[in-house]
Structure formats: C-alpha cells, structure tokens
Amino acid sequence: MFFDRFFYVVVNSCLSCPVGRYGGSLGLTSPDTGGTATACQPCPMGTYSDQTYRRFASECKLCPLGRAGTATGLTVATACSECGTGRYTAQPGSSNSGQCLNCPLGRYNNQAVNPQVACPECGVGKYTPAVMTENADCNSCPLGKYSVRDFFLNMLFWKH
C-alpha cells in the first residue's frame with residue numbers, strides 16, 4: 004500500500020527544473036536536456052541560475068562584472084570564470100573570456116573580480132606604465148616627477 008502511494012505521488016506530480024536550468028515549454032519530461040526538446044534547458048552562456056523553477060532563459064541571472072560565463076547550465080555566480088586582475092568586463096553577462104578587457108592606460112583593477120566600478124582611475128601622483136595586463140596596481144611617480152591629473156593620460160603629463 005505505501006509503495007503504491009509513493010509511486011503515485013512521484014508519477015503524478017511535476018518537479019521543478021533544477022538549478023542551472025529552466026523549463027520554457029509545457030509537458031517537459033526530464034530535468035536534463037539529454038538532447039531532447041522535452042527537457043529542462045541549461046541557462047545560456049553568460050548566465051547562471053542558483054534557484055529551481057526557472058521558466059524562461061531570461062530568468063537566469065547575468066554573470067557579474069569581472070566574470071564570463073563560458074559554459075551553459077552554470078549554477079552559481081562563482082562558476083562564471085574570473086577575468087583576473089588588471090582586466091574587466093564592460094557589462095554583466097559576458098559569455099566568453101575574450102570579452103574580458105585589459106584596463107586602459109591610467110586605470111587599474113587590483114581585484115580578481117571587478118568591484119562596482121570597472122578599472123578606477125589611478126589618481127594624482129600615480130600612473131600605469133602601460134595598458135594593464137598582469138600588473139594590477141598603479142605605480143607612484145618616480146623620483147623627481149609628479150602627476151597633475153587623475154586621468155588615463157597622466158603618464159604623458161609627468162612634470163620635471
């Protein structure tokens with residue numbers, strides 16, 4: 004008797020699509036795509052879902068600034084790949100690491116994942132010797148020189 008009731012509940016109920024997936028069609032039959040259109044679909048690249056019962060791809064969350072979602076079906080924001088120090092993304096939802104850009108001249112990013120501001124300016128008395136790649140911080144002006152601007156051209160305006 005118990006087995007019959009258990010079986011009935013499982014067969015006659017609808018389960019939520021799991022994290023990292025959404026179900027945008029009626030009559031889905033599987034939580035995993037398995038190559039069929041009758042299954043929950045993975046969230047697209049550049050997105051993730053940490054909640055069940057997502058109905059549309061638009062309900063998947065965008066990967067945050069400083070990260071790129073290079074795979075489908077991601078389940079947490081940290082599964083989106085980090086751009087790394089000295090790099091940023093122009094907008095959330097980047098879908099490949101090629102969308103991670105080097106900080107421009109006069110700007111820096113010393114965090115592996117961007118804060119709210121992508122590559123803030125170096126500031127007065129600081130500069131970057133080149134476009135940021137591996138170097139994450141601005142340099143202080145060398146002895147006998149100073150910077151009068153907190154803008155990306157400040158390296159060009161060193162004063163003697």
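No gaps in the numbering here: position 145 of the sequence shown is 148 in my numbering, and each next residue is one more. By construction, the Cβ of each residue, glycine as well, lies at the ideal position given by its N, Cα and C atoms.
For this session: Give, in chain order, every unbroken run of the beta strand (DSSP E) that is at least 3 residues long and sits entirely within the region 44–125.
Result: As far as the region 44–125 is concerned, it has no whole beta strand (DSSP E) run of at least 3 residues.
Exercise. With 16 other CB atoms within 10 Å as the buried threshold, where does Ser52 fall?
Worked result: buried
Problem set entry | Residues that Ser33 bridges to, as DSSP identifies them | Ala42
Exercise. What's the gap between the Cα of Asp140 and the Cα of Gly128?
Worked result: 13 Å
For this session: May I have the straight-line CA-CA distance separating Ser150 from Ala60, to the nearest angstrom?
Result: 48 Å
Problem set entry | Check whether Gly27 and Ser98 have beta carbons under 8 Å apart | no
Exercise. Under the three-state reduction of DSSP, which class applies to Lys129: helix, strand or coil?
Worked result: strand
Exercise. Is Gly89 near Cys66, with beta carbons less than 8 Å apart?
Worked result: no
Exercise. Quick one: what's Ser28 bridged to in DSSP?
Worked result: Bridge partners of Ser28: none, in fact.
Exercise. Mind checking whether Gly69 and Cys46 have CB atoms under 8 Å apart?
Worked result: no
Exercise. Which residues in the same chain as Cys122 place their Cβ atom closer than 6 Å to its Cβ, once the five residues preceding and following it in sequence are excluded?
Worked result: Non-local beta-carbon contacts of Cys122 in its own chain, meaning distances under 6 Å to residues more than five positions away in sequence, involve Tyr91, Cys106, Arg110, Asn112 in chain order.
For this session: Return the CA-CA distance between Lys148 and Thr131, expressed in angstroms with no decimal places.
Result: 14 Å
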